[in-house]
């Protein structure tokens with residue numbers, strides 16, 4: 014299934030919808046008694062999942078072009094972003110003349126970012142006034158649909174409601190200065206995060222799932238384009254740490270809750286910082302940034318002042 018948060022008019026509240034063959038069906042109308050938002054739906058995910066599956070293929074609903082899509086979770090419960098693609102970490106550090114940190118191979122690491130700054134596809138992203146080095150980051154996120162603490166790698170995927178494309182926008186000049194202090198990134202990240210265009214539930218990806226002892230990877234190509242020009246290309250299957258490992262790490266002595274978002278970190282080649290500004294300029298107002306992941310859609314945003 015594909016779940017969306019949608020609205021008919023700009024000032025309307027975001028509502029939970031099912032997207033099927035170009036039609037957006039309001040979940041609360043299609044499934045009487047169902048919550049009207051995706052976050053509330055995730056709170057009762059196990060109860061409503063079979064009901065949603067039964068209603069999914071009905072053809073009534075809004076045409077996709079008639080509604081505005083937001084982030085599938087307009088305001089997640091929390092947002093942790095990991096650092097799980099080895100190629101990105103290695104290349105980004107090499108650009109600064111640094112070797113790999115041996116501890117990176119010991120456990121997956123993450124930082125918390127601003128869950129109140131999420132936006133969806135087609136939204137304008139305002140460039141922070143203090144930055145000249147605005148960057149995109151091509152990532153995948155999973156959304157938690159079942160609470161838990163001290164979750165094992167073996168059981169972690171039971172807690173995943175679905176997957177989305179994620180763009181962890183970065184003000185690199187601000188980020189560079191604040192991490193010197195030993196904390197962060199903070200202001201270099203918290204102005205915007207894009208997610209969407211929809212949440213894809215795991216059963217839609219079964220045929221591209223690669224199973225392993227430490228959880229699943231998926232054979233899904235990932236591409237970033239700026240103004241139609243391809244900048245980045247990678248694959249979800251190349252991730253070093255699986256989402257199962259990330260969930261296990263995040264839940265150590267700490268509860269995860271429905272609506273928590275966990276980002277993968279940037280895929281190899283997945284940002285300008287990694288590619289190098291010798292050939293790729295930092296993002297500027299008017300630039301259109303498209304992140305595409307097979308099966309997960311296209312997340313498109315425009316930079317503005």
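Residue numbers (our numbering): 14 to 318. No residue lacks a Cβ here, since even glycine has one placed at the ideal position from N, Cα and C. Being a predicted model, the structure only gives us computed values, none of them experimental.
Cβ pair count under 8 Å reaching 3, the stretch 177-193 against the stretch 57-67 = no
Check whether the stretch 217-237 touches the stretch 189-208, counting contact only when three or more Cβ pairs, one atom from each stretch, lie closer than 8 Å.
-> no
Residue 158 to residue 174, Cα distance in whole Å?
-> On the chain shown, position 145 is the one that residue 158 refers to. On the chain shown, position 161 is the one that residue 174 refers to. Answer to the nearest angstrom: the Cα atoms are 5 Å apart.
Considering only residues of the same chain and omitting the five flanking positions on each side of residue 339, which have a CB-CB separation below 8 Å?
-> The question about residue 339 has no answer, for the chain in this structure spans 14 to 318.
Whole runs of the alpha helix (DSSP H) within the stretch 247-282, excluding any shorter than 4 residues | 256-263
Over the uninterrupted alpha helix (DSSP H) stretch that includes residue 67, give me the two end residues.
-> In the chain shown, the residue the question calls residue 67 occupies position 54. Where residue 67 is concerned, the enclosing alpha helix (DSSP H) stretches over 58-68.
Would you mind giving the Cβ-Cβ distance between residue 101 and residue 279, rounded to the nearest angstrom? I have them listed as a contact below 8 Å.
-> The residue given as residue 101 occupies position 88 in the chain shown. The residue given as residue 279 occupies position 266 in the chain shown. Right, the Cβ-Cβ distance comes to about 5 Å (below 8 Å), so this counts as a contact.
According to DSSP, which residues form a beta bridge with residue 205?
-> Translated into the one-based positions of the chain shown, residue 205 becomes position 192. Its beta-bridge partners do not exist; DSSP assigns none.
Residue 154 - partner residues in DSSP beta bridges = As a working mapping, residue 154 is identified with position 141 in the chain shown. DSSP lists 177, 276 as partners of residue 154.
Inter-residue Cα distance where the pair is residue 10 and residue 124 | Look at the range of the chain in this structure, 14 to 318, and you will see that residue 10 is not part of it.
To the nearest angstrom, how far is it from the Cα of residue 42 to the Cα of residue 284?
-> The residue you call residue 42 lines up with position 29 of the chain shown. The residue you call residue 284 lines up with position 271 of the chain shown. Approximately 41 Å, taken between the alpha carbons.
When burial is assigned at 16 or more other CB atoms within 10 Å of the CB, is residue 207 buried or exposed?
-> Within the chain shown, numbered from 1, the residue matching residue 207 stands at position 194. By the neighbour-count rule (16 or more Cβ atoms within 10 Å), residue 207 is buried.
Do residue 119 and the ligand HEM come close, with the Cβ less than 7 Å from some heavy atom?
-> Ligands in the displayed structure: none, and consequently the ligand HEM is not present.
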